[in-house]
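Only one structure is covered here, and it is reproduced in the block below.
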Amino acid sequence: MSRHPLPMRDGVAPSYLYLPEGDWPDMITFLAARFPDVSEASWRERMARHDVVDADGQPLLPSSRFKRGLRIFYYRELEAPETPIPFQEEILHMDEHLVVVDKPHFLPVIPTGRFLHETLLVRLRKTLGEEDLVPIHRLDRETAGVVIFSRNAATRGTYQSMFQKRVIDKEYEALAPRLHGVEFPFSYRSRMVEGDKFFTMKEAEGEPNSETLIDIVEQRGELTLYRLYPHTGRQHQLRVHLSSLGIPIVNDAFYPVALPCKQDDVSQPLQLLARAISFIDPLSGEWREFRSRRTL
Numbered sequence: 013m014s015r016h017p018l019p020m021r022d023g024v025a026p027s028y029l030y031l032p033e034g035d036w037p038d039m040i041t042f043l044a045a046r047f048p049d050v051s052e053a054s055w056r057e058r059m060a061r062h063d064v065v066d067a068d069g070q071p072l073l074p075s076s077r078f079k080r081g082l083r084i085f086y087y088r089e090l091e092a093p094e095t096p097i098p099f100q101e102e103i104l105h106m107d108e109h110l111v112v113v114d115k116p117h118f119l120p121v122i123p124t125g126r127f128l129h130e131t132l133l134v135r136l137r138k139t140l141g142e143e144d145l146v147p148i149h150r151l152d153r154e155t156a157g158v159v160i161f162s163r164n165a166a167t168r169g170t171y172q173s174m175f176q177k178r179v180i181d182k183e184y185e186a187l188a189p190r191l192h193g194v195e196f197p198f199s200y201r202s203r204m205v206e207g208d209k210f211f212t213m214k215e216a217e218g219e220p221n222s223e224t225l226i227d228i229v230e231q232r233g234e235l236t237l238y239r240l241y242p243h244t245g246r247q248h249q250l251r252v253h254l255s256s257l258g259i260p261i262v263n264d265a266f267y268p269v270a271l272p273c274k275q276d277d278v279s280q281p282l283q284l285l286a287r288a289i290s291f292i293d294p295l296s297g298e299w300r301e302f303r304s305r306r307t308l
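Note that the sequence shown covers residues 13 to 308 in this note's numbering.
Structural data, given as structure tokens:
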């Protein structure tokens, strides 16, 4: 893709969309219908600031004609102020291709929902001044640990393919109740499907599609620090597997029962850490390992 017609602003790169099939009399009518959570007044303000443009950088007005297939650019903005997340990320490694970061609990990787500036991606773009920075994998907002970003579009697909092909070794740690009656290490397998609520997963009968190797690091009174190696990458896999074993991760607000949203309460972080990522570098052929400096 060619460069965006709008510059990065305070760490936020412009979003874009292609106008779909449909019959709207003008741009403001389409935008109000397409984004019901954004007020028409807000769109009119953005257009007055020339913050909504076409691919050539030409400002779009409320009265501009709707044209199917036209690509428009705009900045994502929040209607309400964000609450600062009082934990800081740490850059573990940088080279010409990658930025490796140690993410704190509660910080989303990318803008989503009510989070924009308080996300790892936007914070890094501000710090490094790099609009092309892109995460090549994700962690849940509640999970801390190692996240890898691509800073070179020319090699991005090469590194992304490692995750798609599952040739990455991932190591996690979790603090949870002690599990009795099993011999460690052992593999837990199950079939995971979408849960009854849109943000959860659950187990079901059928051929397993998820697998986790579970081992022990140390005992901490009635709790155990577990080392987890996911062999598959299902959403919430580690949280679902430990909950299904009767040892839900400490401070898990989703499993075994989804609790009411804690909003901006950051007093009880989920005790799950992406401890390490290792792989054979597809460009150099060297073995690389990146480890979090955080502890549970």
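C-beta: ideal position from N, C-alpha, C; glycine also.
Query, Result
"For residue 100, would you say it is in contact with chain C, using Cβ-to-Cβ distances shorter than 8 Å as the test?", "Protein chains in the displayed structure number just one, and chain C is not present."
"Just to confirm before moving on: does the CB-CB distance between residue 288 and residue 156 stay below 8 Å?", "no"
"Decide if residue 30 is buried, meaning its Cβ has at least 16 other Cβ atoms within 10 Å, or exposed.", "exposed"
"Label residue 148 either buried or exposed according to how many other C-beta atoms from any shown protein chain fall within 10 Å of its C-beta, with 16 as the threshold for buried.", "buried"
"Pull up the distance between the alpha-carbon of residue 140 and that of residue 302, whole angstroms please.", "20 Å"
"Out of 33, 91, 107 and 263, which one is the CA nearest neighbour of residue 163?", "107"
"Using C-beta distances below 7 Å, list every residue in its chain close to residue 13, excluding the 5 sequence neighbours before and after it, in chain order.", "With a pLDDT of only 43 at residue 13, under the threshold of 50, the placement of this residue in the model should not be trusted; the figure read from the coordinates follows. Counting only Cβ-Cβ distances below 7 Å, and skipping sequence neighbours, we find nothing."
"So, at 6 Å on beta carbons, what are the nonlocal neighbours of residue 109 in its own chain, with the 5 sequence-adjacent residues on each side left out?", "164 and 167"
"With a CB to CB cut of under 7 Å and the five nearest residues on each side skipped, what residues in its chain are close to residue 175?", "148 and 149"
"Hey, out of 75, 68 and 47, whose CA is closest to residue 60's CA?", "75"
"Measuring straight from C-alpha to C-alpha, what distance separates residue 135 and residue 23?", "7 Å"
"Note the first and the last residue of the continuous beta strand (DSSP E) segment covering residue 55.", "Segment 52-60 is the alpha helix (DSSP H) holding residue 55; no beta strand (DSSP E) there."
"Roughly how many whole angstroms lie between the Cα atoms of residue 45 and residue 235?", "51 Å"
"Taking only runs that begin and end inside the region 40-118, name each unbroken alpha helix (DSSP H) of 4 or more residues, in chain order.", "52-60"
"Would you mind reading off the limits of the alpha helix (DSSP H) that contains residue 213?", "First-last for residue 213: 213-216, but that is the beta strand (DSSP E), not the alpha helix (DSSP H)."
"Skipping 5 residues on each side, what residues in its chain have a beta carbon closer than 8 Å to that of residue 297?", "none"
"Extract the residue ranges of the beta strand (DSSP E) inside the region 126-212, only unbroken runs of 3 or more that lie entirely within it.", "156-162, 181-189 and 198-206"
"Can you tell me whether residue 196 is buried or exposed, with buried defined as 16 or more other CB within 10 angstroms of its CB?", "exposed"
"Count the other C-beta atoms from every protein chain shown that fall within 10 angstroms of the C-beta of residue 205, then say buried if there are 16 or more, exposed otherwise.", "exposed"
"Distance, Cα to Cα, residue 295 vs residue 171?", "9 Å"
"Buried or exposed: residue 81, going by 16 or more other Cβ atoms within 10 Å of its Cβ?", "exposed"
"Considering only DSSP beta bridges, list what residue 27 is partnered with.", "86"
"Does residue 246 come out as helix, strand or coil in the three-state DSSP assignment?", "coil"
"Indicate whether residue 181 and residue 291 have their beta-carbon atoms separated by less than 8 Å.", "yes"
"With DSSP collapsed to three states, give me the class of residue 307.", "coil"
"For residue 231, which beta-bridge partners are listed by DSSP?", "236"
"Which of the three DSSP states, helix, strand or coil, is assigned to residue 255?", "helix"
"What are the start and end residues of the beta strand (DSSP E) that includes residue 271?", "No beta strand (DSSP E) contains residue 271, which DSSP labels as neither H nor E."
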